[in-house]
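Peer 1: Let me give you the structure first, and then I'll get to my questions.
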Amino acid sequence: MELLEQRCLLAGSGEDVILYVDSPDSFPSVTARLQQEFGATPVPPVVESTTSYYRVPGDGFVDATFRFRADTGSFRFSFGYYRVNAALLAVDLSTDDGRVTYATQALAPGNAFVIFDDFIDNPGLTRTILLQGGDTIGFFLIPDAPLQIFQIDQCAFEVNGVGSRTLEYPGRYRWPFFGRAAANPAGLDQLMTFEGIAAASGNPSHLLAWEDLTRAAIFGNQLPSDENFNDLVVAIEGLQVATSPPPVVGDTLTIITHGFQDQIRPGDPPFPPWVYDMANAINSSRLANVCSPTEVANARMDYDGPYQIPPDSCPHFLLFDWRSLSGLVSPGTADEHEVAGKLAVFVRSRLLNSDGLPVDTIKQLVVFDSLEEIQEPDGRSASREGLEREVFEDIVRLAQIKSKLKSLTEAGRGEDDVEVRHLRKSAQVIEVELQKLVELQRGSEKTDNPTRP
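First residue of the sequence shown: 2, per our numbering; consecutive thereafter.
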């Protein structure tokens, strides 16, 4: 198969790179997958790239299609994408501490999303995902654990971990892999990437060929890498190679926060029609007496109603997918107004100004409730902000765990399942932690407002 090498700008200067084109005979399984995706004699020839990131084309909604081509590894992996911003690109990846920082930010709830879960998905599956045009994304592979486990119990993992959940090897779990080689254990490449024209569809396609065993030399590793790069192979249509850094998020943000028990109706107040329709969709997604009435609408990215959002009406709808938060569980002692306040602090902490630093305020906060109840007051202490952030993050984590438990139950996984037991235990720990945080927060509010009953 004729191949042309292409080195892309975001590969990272001086990073470790493994190239198929240097020794095709060493990777027969990769050759087979290339022929499967692009044909035996592809025209034009397939290009091997060294890109770390991909760009979603356009500025509206874009469908990206993912084909699960092969799974030859013994592990149960989690494969997905994460959004890339200036803060992530600025992380120093020369140390393990930097790699921990990168993985923590990249795979944070609300920033990383699973595409294929090896616990339930099998080769042959095709999945189409709606992405936002203009975004820069990267791909991750957690070799032997679900994304949710990493998000709720990162201490169970280690950059040089050699444990296995599937094979029950002792030790901390294996660290996530990224298309960015420097972010991997020892800064070593774990992914081959190719681009060409898909034989079946005639559309531009990218092929990702992962090595699921760490190439780092780690003492005590019972499963060193065989370096065959055929453990997980995925084909993608609808993306472009990113050849320049992603744009920095500006300091203007609009968040749709909903706090009404009843549905919003057109005419009161005079918001655009898509706002009402979206709010109604949020309401209809709630389960009575289970979900909190406070939710976030990532309208520009994920609103799928009948109304067209004017491109110039509200310029930035970023960070959150409201559907992923539609299962927020009320902890009982923290009501929806408190949660909305925590949300404001949390979002502010995740924003970047043009200089790469967090912005001081949220310029636009569109709320469907009493502003004085949920707007963030000025002059709040850093410790109080940190406490409120923890409360909101715990609520999000708890919602994600319960959503995953529901999916596992629907898939027929019983209480004797290892992952189900682990998730239930994690949920109990978070509920206890959340109760303590809420009590601390109320004590902090009394200290800040002595006259408050």
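Don't be surprised by glycine CBs; every beta carbon is placed ideally from N, CA and C.
Just mark S24 as buried or exposed, buried being the case when its beta carbon has 16 or more other beta carbons within 10 Å.
Peer 2: Exposed, by the Cβ-count rule.
Peer 1: Report the rounded CA-to-CA distance for A157 versus R175, giving the unit in angstroms.
Peer 2: 9 Å
Peer 1: Ends of the beta strand (DSSP E) at G40?
Peer 2: Segment: none, G40 is in no beta strand (DSSP E) and carries neither H nor E.
Peer 1: What does DSSP give as the partner residues of H207 in its beta bridges?
Peer 2: E196, I237
Peer 1: Drop a sphere of 10 angstroms on the beta-carbon of P171, count the other beta-carbons inside from all chains shown, and report buried for 16 or more, exposed for fewer.
Peer 2: exposed
Peer 1: Around the C-beta of G127, are 16 or more other C-beta atoms found within 10 angstroms, so that it is buried, or is it exposed?
Peer 2: For the sequence presented, residue 127 should be read as Thr rather than Gly. With fewer than 16 Cβ atoms within 10 Å of its Cβ, T127 is classed as exposed.
Peer 1: Assign T105 to one of two classes, buried (16 or more other C-beta atoms within 10 Å of its C-beta) or exposed (fewer than that).
Peer 2: exposed
Peer 1: Below 7 Å CB to CB, which residues in the same chain sit around S384 once its five sequence neighbours on both sides are set aside?
Peer 2: With a pLDDT of 42 at S384, under the threshold of 50, the predicted position of this residue should be treated as unreliable, though the coordinate-derived value follows. Once the five neighbours on either side are set aside, S384 has no close Cβ partner at all.
Peer 1: Output yes if chain D places a C-beta closer than 8 Å to the C-beta of I116; else output no.
Peer 2: No chain D is present in this structure, which holds just one protein chain.
Peer 1: Is the separation between the beta-carbon of D213 and that of F69 shorter than 8 Å?
Peer 2: no
Peer 1: Compare the beta carbon distance of A479 and F80 with 8 Å and say whether it is the shorter of the two.
Peer 2: Summary: the structure shown does not reach residue 479, with the chain confined to residues 2 through 454, and so no result is reported for it.
Peer 1: On the DSSP bridge list, what partners appear for T127?
Peer 2: R68
Peer 1: So, at 7 Å on beta carbons, what are the nonlocal neighbours of I121 in its own chain, with the 5 sequence-adjacent residues on each side left out?
Peer 2: In the same chain as I121, and ignoring 5 residues on each side of it, the C-beta atoms closer than 7 Å to its own belong to A412, in chain order.
Peer 1: To the nearest angstrom, how far is the alpha carbon of A428 from that of D154?
Peer 2: 11 Å
Peer 1: For G197 versus V48, is the C-beta distance shorter than 8 Å?
Peer 2: yes
Peer 1: Would you call the region 96–104 and the region 43–63 in contact, with 3 or more CB pairs under 8 Å?
Peer 2: No, the region 96–104 is not in contact with the region 43–63.
Peer 1: For V160 and G135, I'd like the C-alpha separation in whole angstroms.
Peer 2: 31 Å
Peer 1: Helix, strand or coil for Q36? Go by DSSP, reduced to three states.
Peer 2: helix
Peer 1: In the DSSP assignment, what are the bridge partners of G180?
Peer 2: In DSSP, G180 forms no bridge with anything.
Peer 1: Shortest alpha-carbon distance to T194 belongs to which of A200, G188, A182, G203?
Peer 2: A182
Peer 1: Mind checking whether F178 and A210 have CB atoms under 8 Å apart?
Peer 2: no
Peer 1: Quick check on G203: buried or exposed, where buried means 16 or more other Cβ atoms within 10 Å of its Cβ?
Peer 2: exposed
Peer 1: Mapping the DSSP letters down to three states, classify V22 as helix, strand or coil.
Peer 2: Residue state, collapsed to three classes: helix.
Peer 1: For the alpha helix (DSSP H) containing G99, list its first residue and its last residue.
Peer 2: 97–107
Peer 1: Could you please give the first and the last residue of the uninterrupted beta strand (DSSP E) stretch that includes L89?
Peer 2: No beta strand (DSSP E) contains L89, which is instead part of the alpha helix (DSSP H) from 87–90.
Peer 1: For the beta strand (DSSP E) containing I143, list its first residue and its last residue.
Peer 2: 137–143
Peer 1: What does DSSP give as the partner residue(s) for L132 in the beta ladder?
Peer 2: V63
Peer 1: Start and end of the alpha helix (DSSP H) containing F151?
Peer 2: 148–153
Peer 1: Determine the direct distance from the alpha carbon of A199 to that of L240, and round the result to whole angstroms.
Peer 2: Per the coordinates, the alpha-carbon of L240 lies some 13 Å from the alpha-carbon of A199.
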